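Protein chains in written order, with my numbering: chain A, 1 to 438; chain B, 439 to 753.
Backbone N, C-alpha and C fix where the C-beta goes; we use that ideal spot for every residue, glycine too.
In this text, all values refer to a predicted model and were calculated from it rather than measured experimentally.
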């Protein structure tokens, strides 16, 4: 038995065991070594095989070929910012370049002061387009959107926008003259409801954001952009007392009480209802520009993707909600310069246009043609004032949005609360929330 | 019965007194640390230190990156006052006691029914099945069963129920989650309890038959006392599991990368949301929630250990 092991051997065993455990522990904390100056690590929000990943992959290959800078790309998926966050104030930030949706970049990089100011990138000349800087080709409104306090925190390469989608083939009269005002819209809904004997509006109400789309659009159309965000942060709750607020919410109550949402919208599992819409089970779907690519596999034959903006309200102004996807660089990235070079390289018209032609999305360059299914959205983007989706509330006050707004809003959208109850509950919960978190 | 099941005196259970110091025992003692140290180091590095770090983070305001700001017990104070945390905590306790109660009740019944059933091994494999499949897959399947046009409602309509319940509506969602949890967990506990029942000698039941004991008396006086220690272990396992339940609720009630409605959050989801909902991460608050969960687990384990402490029965 081992009881006879000499004590020296014993000590050696203990030392080896402790050392082994420590090495294991330290290895877990360490980060990959960075040596070569001509390389960069890129963490992407896309998964390998997604259309955007394919475009990026081939641009990376040509970038390496032309500049000699090796790009080590990791397809992390949508949680990329969450995964990077814990490493941002360590000495070895594992990524030199990331891409993500605006709100994740803002909450991870801007709020913590761990993002590199990208103003320099906007001043870089685009390889292959002599005399043109990144800042010259990206629409100024998108740059302003991605700049806070003079610091540019994102260089966008994709623009998302919310509109009301429908099948232009089935609803030819709508395609000819889409509803402009709320009354036009309700008249159209009445007609469609009578025609199909069920609510014409599709909504996967189990996705809290999708329910929120209806309410905040109604509020912004009646009170103007910024009104929802201002009410959200009003510590006294007085802004909810504005009679226009209740009037706006009554529009949504009218949709719920009037049975304008398709049967089952409040008891289904995403994406059941949007699929039902794509197969012709409902007429209208309020969703982002990702709607066509998400629903295409289940769309009925001949489905023609058309869209119109959420109708005008009391302000009489047509505005358009947008969000951005783009690049960011951690402040402590080891190869920030190479990362900046890559961004400028990607912004080249020929290369960026593949985000439109192959990944079916709108780019922030006005001179790139949009995919046919998004032509209506582009028309609105060119003419209407743009502002942040969900009025920036989900981006800047996610806690309030999740804990205060969403529960009450779900009650409103599923008919458990009237407009007046909604406003009263939202105000009370808001005041309590800010007392605790103000 | 008494002739076979013998209560051992406590001292015998605790083992011999440490007085005996044979050369073998001495060498054994010398080898104690070499064998313990590797595990201890790993345990300290991967469990104790992270726990201490979590405790420290819970006393700070921290976005996961950037500077930490010492906040004392402010994160705990917020939890005490946050109505969403109240709901989450209540849901955790509901899962613990209601789902736990139902799971154990069904497990006991199944154990009793299956004891004498032909083909019990096959049945045991079938009811254990939900444990093998990933919780995420099950919860997605569960969602499609219960949605408005789902299998359950189609079946109900076929039986003439024209207005079946809105299972996934906010008013029923948590109940459906609880039913799902019972369904997922029952097989696991039934399997453990059946193993405990299997080792009870058959002759005890023969004695019961001879003495004319009914099913309840058999369960009360033979089965339950002889499986009591296993039931205690199961209760502890369940408490720890119940408080940590996350993926079933997250995947069943949330979708498209979004969190489920706050009404169905438990403390695990609350902690996740504090750190990872799309705003500025609140690691301090998430860590404080983690510490509350740890305290709850600790308290329950101590209480359950006391509750289930019995003199060991040998048979």
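Three-way DSSP call (helix, strand, coil) for residue 244 (chain A) in this model: Residue numbering aside, residue 244 (chain A) sits at position 244 when the first chain is read from its first letter. Note: residue 244 (chain A) maps to helix in three-state DSSP.
Residues from the region 687 to 699 of chain B in contact with chain A, defined by Cβ distance under 7 Å: 693, 694, 695, 696, 697 and 699
Below 8 Å, can you find three or more Cβ-Cβ pairs linking the region 483 to 503 of chain B to the region 723 to 742 of chain B? yes
Per DSSP, residue 75 (chain A) is paired with what? Along the first chain, read from residue 1 onward, the residue named residue 75 (chain A) stands at position 75. Answer by DSSP bridge pairing, in chain order: A:44.
In the structure shown, what three-state DSSP assignment does residue 164 (chain A) receive? Numbered from 1 along the first chain, position 164 holds the residue referred to as residue 164 (chain A). Strand, per DSSP.
Alpha carbon to alpha carbon, what distance is there between residue 681 (chain B) and residue 235 (chain A)? Taking the first chain and counting its residues from 1, the one referred to as residue 235 (chain A) is at position 235. Taking the second chain and counting its residues from 1, the one referred to as residue 681 (chain B) is at position 243. Straight-line Cα distance between these residues: approximately 34 Å.
Residue-chain proximity (residue 149 (chain A), chain B), Cβ-Cβ < 7 Å: Numbered from its first residue, the first chain carries residue 149 (chain A) at position 149. So, not an interface residue.
Span separating the alpha-carbon of residue 156 (chain A) from that of residue 561 (chain B): Numbered from 1 along the first chain, position 156 holds the residue referred to as residue 156 (chain A). Numbered from 1 along the second chain, position 123 holds the residue referred to as residue 561 (chain B). About 57 Å.
When you compare the CB positions of residue 78 (chain A) and residue 695 (chain B), do they come within less than 7 Å of one another, or not? Sequence index remark: in the first chain, residue 78 (chain A) carries index 78 (1-based). Sequence index remark: in the second chain, residue 695 (chain B) carries index 257 (1-based). Yes; because the gap between Cβ atoms is below 7 Å, this pair is in contact.
Quick one: residues in its chain with C-beta nearer than 6 Å to the C-beta of residue 385 (chain A), no 5 flanking neighbours on either side, listed in chain order? Along the first chain, read from residue 1 onward, the residue named residue 385 (chain A) stands at position 385. These residues qualify, in order along the chain: 319.
Reference residue 626 (chain B); option with closest CA among B:697, B:613, B:464 and B:567: To locate residue 626 (chain B), count along the second chain from 1; it is residue 188. Of the listed residues, the one whose Cα sits closest to residue 626 (chain B) is B:567.
Just checking: is the beta-carbon of residue 86 (chain A) within a distance shorter than 7 Å of some beta-carbon in chain B? As a working mapping, residue 86 (chain A) is identified with position 86 in the first chain. Cβ-Cβ to chain B under 7 Å: yes for residue 86 (chain A).
Can you name the residues of chain B whose CB is closer than 8 Å to the CB of residue 397 (chain A)? Translated into positions along the first chain, residue 397 (chain A) becomes position 397. Residues of chain B passing the Cβ test: 717.
Should residue 700 (chain B) be listed as close to the ligand MG, given that the test is whether its C-beta is under 6 Å from any heavy atom? Questions concerning the ligand MG fall outside what the structure shown contains, since it holds no ligand whatsoever.
Is residue 652 (chain B) buried or exposed, if buried means 16 or more other CB atoms sit within 10 Å of its CB? Within the second chain, the letter at position 214 stands for residue 652 (chain B). Classification of residue 652 (chain B): exposed, given that the 10 Å Cβ count is below 16.
8 Å CB neighbourhood of residue 385 (chain B) in its chain, flanking five on each side removed: The structure shown does not extend to residue 385 (chain B), since chain B spans only 439 to 753, so no value can be given for it.
Of the residues B:559, B:558, B:610 and B:555, which one's Cα is nearest the Cα of residue 581 (chain B)? As a position in the second chain, residue 581 (chain B) is number 143, starting the count at 1. Taking only the C-alpha atoms, the option nearest residue 581 (chain B) is B:610.
Grab me the residues of residue 288 (chain A)'s own chain with a C-beta within less than 6 Å of its C-beta, minus the 5 sequence neighbours each way, in chain order. What you label residue 288 (chain A) is simply residue 288 of the first chain in a count that begins at 1. Same-chain partners within the cutoff: 160 and 162.
Give the interface partners of residue 607 (chain B) over in chain A, defined as CB-CB distance under 7 Å, in chain order. Numbered from 1 along the second chain, position 169 holds the residue referred to as residue 607 (chain B). Chain A residues near residue 607 (chain B): 266, 267 and 414.
With a cut-off of 8 Å on the beta carbons, I'd call residue 324 (chain A) and residue 102 (chain A) a contact; round off their distance for me. Start at 1 with the first residue of the first chain, and residue 324 (chain A) comes out as number 324. Start at 1 with the first residue of the first chain, and residue 102 (chain A) comes out as number 102. Sure, about 5 Å apart at Cβ, within 8 Å.
Buried or exposed by the 16-neighbour rule on C-beta atoms within 10 Å, applied to residue 121 (chain A): If you number the first chain from 1, residue 121 (chain A) lands on position 121. So residue 121 (chain A) counts as buried.
Residue 64 (chain A), DSSP secondary structure in three states: To locate residue 64 (chain A), count along the first chain from 1; it is residue 64. In this structure, residue 64 (chain A) counts as helix in the three-state DSSP scheme.
Measure how close the beta-carbons of residue 668 (chain B) and residue 630 (chain B) come, nearest whole angstrom, since I'm counting them as under 8 Å. What you label residue 668 (chain B) is simply residue 230 of the second chain in a count that begins at 1. What you label residue 630 (chain B) is simply residue 192 of the second chain in a count that begins at 1. That belief holds up - the Cβ atoms of residue 668 (chain B) and residue 630 (chain B) are roughly 6 Å apart, short of 8 Å.
Against chain B, with Cβ distances strictly below 7 Å, would residue 368 (chain A) count as a contact? Walking along the first chain from the start, residue 368 (chain A) turns up at place 368. It does not; no Cβ of chain B falls within 7 Å.
So, for residue 514 (chain B): in the same chain, excluding its five sequence neighbours on each side, which residues have a beta-carbon less than 6 Å away from its beta-carbon? For the purposes of this step, residue 514 (chain B) is taken as the residue at position 76 of the second chain. Cβ neighbours of residue 514 (chain B) beyond the five flanking positions: 726.
Using alpha carbons as the reference points, say which of A:249, A:107 and A:117 lies closest to residue 222 (chain A). In the first chain, counting from the first residue as 1, residue 222 (chain A) sits at position 222. Checked all of A:249, A:107 and A:117; the closest Cα to residue 222 (chain A) is A:249.
Report the start-end ranges of each beta strand (DSSP E) in the region 95 to 153 of chain A that is 3 residues or longer and not cut off at the edges. Unbroken beta strand (DSSP E) runs of no fewer than 3 residues, entirely contained in the region 95 to 153 of chain A, are found at 97 to 101, following chain order.
Going straight from the alpha carbon of residue 264 (chain A) to that of residue 394 (chain A), what length do you get? For the purposes of this step, residue 264 (chain A) is taken as residue 264 along the first chain, with counting starting at 1. For the purposes of this step, residue 394 (chain A) is taken as residue 394 along the first chain, with counting starting at 1. Rounded to whole angstroms, residue 264 (chain A) to residue 394 (chain A) spans 27 Å at the Cα level.
Tell me which residue opens and which closes the alpha helix (DSSP H) that residue 664 (chain B) is part of. Numbered from its first residue, the second chain carries residue 664 (chain B) at position 226. Counting along the chain, the unbroken alpha helix (DSSP H) around residue 664 (chain B) starts and ends at 662 to 682.
Measuring only the C-alpha atoms, how far is residue 416 (chain A) from residue 509 (chain B)? The residue given as residue 416 (chain A) occupies position 416 in the first chain. The residue given as residue 509 (chain B) occupies position 71 in the second chain. Taking the straight line joining both Cα atoms gives about 39 Å.
Environment of residue 601 (chain B) [buried if 16+ CB atoms lie within 10 Å]: Counting from one through the second chain, the residue named residue 601 (chain B) turns up at place 163. Residue 601 (chain B) is exposed by the Cβ-count criterion.
Give the list of continuous alpha helix (DSSP H) stretches no shorter than 4 residues that lie fully inside the region 379 to 404 of chain A. 393 to 396
Cβ-Cβ distance between residue 361 (chain A) and residue 368 (chain A) below 7 Å: Taking the first residue of the first chain as 1, we reach residue 361 (chain A) at position 361. Taking the first residue of the first chain as 1, we reach residue 368 (chain A) at position 368. Going by C-beta atoms, residue 361 (chain A) is not nearer than 7 Å to residue 368 (chain A).
By Cβ distance, which residues of its chain are closer than 7 Å to residue 498 (chain B), with the 5 residues on each side in sequence left out? Sequence index remark: in the second chain, residue 498 (chain B) carries index 60 (1-based). Taken in chain order, the residues that qualify are 506, 507, 508, 509 and 722.
Below 8 Å on the Cβ atoms is my guess for residue 214 (chain A) versus residue 286 (chain A); work out the distance and round it to an integer in Å. Looking up residue 214 (chain A) in the first chain gives position 214. Looking up residue 286 (chain A) in the first chain gives position 286. Residue 214 (chain A) to residue 286 (chain A), Cβ: 6 Å. Contact.
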